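Okay, structure first, notes after.
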Amino acid sequence: MAPSFDLFRKVPEDLQTTSVSSGIFTLITIVVMTYLIVAEYIGYAYSSNTVSSVILDSHQEDLLRINFNVSIPAIPCRHLSIDLSDHLGLKFTNITRHVRRVSLVQTADGTLARHKEVFMAEQVATWGNINHDLHAGETISPLLDVTTFDEFMSKYDLVLVNYYAPWCPYSQALLPVWEATALQLQDHPEYAERVTMARVDCTQDNAVQLCRRARIMAFPSMMVPSISPNKVARF
Numbered sequence: 001m002a003p004s005f006d007l008f009r010k011v012p013e014d015l016q017t018t019s020v021s022s023g024i025f026t027l028i029t030i031v032v033m034t035y036l037i038v039a040e041y042i043g044y045a046y047s048s049n050t051v052s053s054v055i056l057d058s059h060q061e062d063l064l065r066i067n068f069n070v071s072i073p074a075i076p077c078r079h080l081s082i083d084l085s086d087h088l089g090l091k092f093t094n095i096t097r098h099v100r101r102v103s104l105v106q107t108a109d110g111t112l113a114r115h116k117e118v119f120m121a122e123q124v125a126t127w128g129n130i131n132h133d134l135h136a137g138e139t140i141s142p143l144l145d146v147t148t149f150d151e152f153m154s155k156y157d158l159v160l161v162n163y164y165a166p167w168c169p170y171s172q173a174l175l176p177v178w179e180a181t182a183l184q185l186q187d188h189p190e191y192a193e194r195v196t197m198a199r200v201d202c203t204q205d206n207a208v209q210l211c212r213r214a215r216i217m218a219f220p221s222m223m224v225p226s227i228s229p230n231k232v233a234r235f
């Protein structure tokens, strides 16, 4: 019974014969396998890898916006995603918040043209549809003083400043809402490049002059100040 289950049976040499068709098939097989091996090696050895680097001398802000364009006409947009990693080993996968897709159509002359823009996440286009959780005591907006105020103000078209005192219960109630709004602003680069939010602690010695210059009479006070002390919008 054992020989009947042998999967590697061998034909006796005295029964083996050669033919023209088998020789041709053997040659074709050798040529095809050789071509596949050589083509695979050439494709691996001479494959191109594009690396783009953005180097800045210095950057004062915590966030850095980098714009780049990747055009892959042969791949549907739904199959694309972006992963981000840095030199410290941190990696973020499938980043879709600030990614925009543009569908392409073929024109009459055979070229590709932009058809329409499609958001990878439709809720990003609407303010407030992205929820973030802040830990207790976590702050997003920068804390300004007399040494950093004017320089920070000159970087943006509009800065909403919260003048507060930590001991004030109303300031304590406003702080979580203020920080959540500042974090929400970062999800909208169309605003974040020109508009931002900041804080001034009027109980600190190096910030008292700022509160006096803004004529703060109650806590908290939200203002859109200017470098000029005579130009300020109160809220």
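Using full-length UniProt numbering, you'd call the opening residue of the sequence shown number 1 and step up by one each time.
Backbone N, C-alpha and C define an ideal beta-carbon position, used for all residues, glycine too.
Given the structure is predicted, the values throughout are model-derived calculations rather than measurements.
For THR147 and ILE72, the gap between their C-alpha atoms comes out near 48 Å. Note on geometry: alpha-carbon atoms of LEU160 and PRO76 lie some 41 Å from one another. DSSP places PRO176 in the helix class (H, G or I) of the three-state scheme.
Of the candidates ASP205, LYS155, TYR44 and LEU36, the residue whose Cα lies closest to the Cα of ALA192 is LYS155. The beta-bridge partner set that DSSP reports for ALA113 consists of VAL105.
In this structure, the beta-carbon distance from ARG212 to SER141 does not fall below 8 Å. Excluding residues up to 5 positions away in sequence, nothing lies with its Cβ nearer than 7 Å to the Cβ of ALA74 in the same chain. The C-beta of ALA39 has fewer than 16 other C-beta atoms within 10 Å across all chains shown, which makes the residue exposed. DSSP lists VAL159 as the bridge partner or partners of THR196. Around the C-beta of GLU179, 16 or more other C-beta atoms lie within 10 Å, and the residue is accordingly described as buried. Taking 8 Å as the upper bound for CB-CB distance, ALA214 and TYR163 are in contact here, some 6 Å apart.
Secondary structure of VAL38 (DSSP, three-state): helix.
For MET222, the uninterrupted beta strand (DSSP E) segment begins and ends at 221 to 225. Residue environment: LEU27 is assigned as exposed (fewer than 16 neighbouring CB atoms within 10 Å of its CB, all protein chains considered). Per the C-alpha coordinates, the member of ASP205, PHE25 and VAL11 positioned closest to LEU144 is ASP205.
The continuous alpha helix (DSSP H) containing ASP150 extends over residues 149 to 153. Distance between GLN172 and LEU210, taken at the CA atoms: about 20 Å. Among the bridge pairs identified by DSSP, TYR164 is matched with ASP201.
The DSSP-derived three-state label of SER22 is helix. In this structure, the beta-carbon distance from THR139 to ALA165 does not fall below 8 Å. Around the CB of SER85, fewer than 16 other CB atoms lie within 10 Å, so the residue is classed as exposed.
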